[in-house]
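Position in the sequence shown counted from 1, then plus 4, gives you the numbering used here.
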Amino acid sequence: ADPKTFLLADNGWTTYSTTIEARNEMVENNPDLVQRFVNASIEGWYNFLYGDRTAAYELIMKDNPEMTKEKLDKEMAQFEKLGIIDVGDAINNGIGAMSMDRVKAFHKLAVDSGIIEEGSVDVNKVATDKFVNKGHGLDIKKSLN
Numbered sequence: 005a006d007p008k009t010f011l012l013a014d015n016g017w018t019t020y021s022t023t024i025e026a027r028n029e030m031v032e033n034n035p036d037l038v039q040r041f042v043n044a045s046i047e048g049w050y051n052f053l054y055g056d057r058t059a060a061y062e063l064i065m066k067d068n069p070e071m072t073k074e075k076l077d078k079e080m081a082q083f084e085k086l087g088i089i090d091v092g093d094a095i096n097n098g099i100g101a102m103s104m105d106r107v108k109a110f111h112k113l114a115v116d117s118g119i120i121e122e123g124s125v126d127v128n129k130v131a132t133d134k135f136v137n138k139g140h141g142l143d144i145k146k147s148l149n
């Protein structure tokens, strides 16, 4: 079978699809822990994308017996083909890069389309870019490429 992939982003859906979420109290009271978690996630992605995936594959297959190396390799090929992870702002700012302008634009789209009511969400209280856009992990990518 030749599956068709339809990216919502190709049709105006510009929100971020994968984010790390934490309670406000964690972000405010323990920003160092949050930063270390974000950094570790970024490092993990770079090592997975550009390094030896053997150990990661073994863990994935252990918890998901239906997965095989061949299936995982096909998924990775799709990630690369579709440009899903290490693209756009991430090229210069590192994996996890985000723009508060883009977050605000998505919020406006949600309000304009009636998904949420105007004033019901303060974007600055639910999103921050203070833990990303630092180029963290770019050295890992460079060393593995």
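Where a beta carbon is used, it is the ideal one built from N, C-alpha and C, also for glycine. Keep in mind it's a predicted model, so treat the numbers as computed, not measured.
| said: Taking 8 Å as the threshold (C-beta atoms), are G139 and I99 in contact? | reply: In the sequence shown, the residue the question calls residue 99 occupies position 95. In the sequence shown, the residue the question calls residue 139 occupies position 135. Contact flag unset, no.
| task | Look up N68 in the DSSP assignment and say whether it is helix, strand or coil. | result | Here residue 68 corresponds to residue number 64 of the sequence shown, with the count starting at 1. Secondary structure at N68: coil, using DSSP grouped into helix, strand and coil.
| request: Report the option in V42, N15, E62 whose CA atom is closest to the CA atom of I25. | output: Along the sequence shown, read from residue 1 onward, the residue named residue 25 stands at position 21. In the sequence under discussion, the amino acid at residue 25 is Glu, which differs from the Ile named in the question. Restricting attention to V42, N15, E62, the CA atom closest to the CA of E25 is found in V42.
| task | Return helix, strand or coil for F135, following the three-state DSSP convention. | result | Working through the sequence shown from its first residue, we reach residue 135 at position 131. Collapsing the DSSP output to three states places F135 in coil.
| field | DSSP state of S147 mapped onto helix, strand, coil | value | Here residue 147 corresponds to residue number 143 of the sequence shown, with the count starting at 1. Helix at S147.
| Is F83 helix, strand or coil by DSSP? | The residue labelled residue 83 in the question sits at position 79 within the sequence shown. Three-state result, F83: helix.
| task | State buried or exposed for I144, treating a residue as buried only when at least 16 other CB atoms are found within 10 Å of its CB. | result | Indexing the sequence shown from 1 puts residue 144 at position 140. With 16 or more other Cβ atoms within 10 Å, it is buried.
| said: Residues in the same chain with beta-carbon distance under 7 Å from N149, minus the five sequence neighbours each way, listed in chain order, please. | reply: As a working mapping, residue 149 is identified with position 145 in the sequence shown. In chain order, Y54 place their CB closer than 7 Å to the CB of N149, counting only its own chain and leaving out the 5 sequence neighbours on each side.
| Which listed residue (M104, V31, N128) has its alpha carbon closest to that of T18 | The residue given as residue 18 occupies position 14 in the sequence shown. Per the Cα distances, M104.
| query | W17 by DSSP, collapsed to three states: which one? | reply | Translated into positions along the sequence shown, residue 17 becomes position 13. When DSSP states are grouped into helix, strand and coil, W17 belongs to the coil group.
| With C-beta atoms as the reference, is T58 less than 8 Å away from M65? | Position 54 of the sequence shown holds residue 58. Position 61 of the sequence shown holds residue 65. Their beta carbons are not under 8 Å apart, which means T58 does not touch M65 by this criterion.
| task | With N128 as the anchor, note down where its alpha helix (DSSP H) starts and where it stops. | result | Here residue 128 is taken as the residue at index 124 of the sequence shown, counted from 1. Taken as a continuous stretch (DSSP letters only), the alpha helix (DSSP H) holding N128 covers 127-130.
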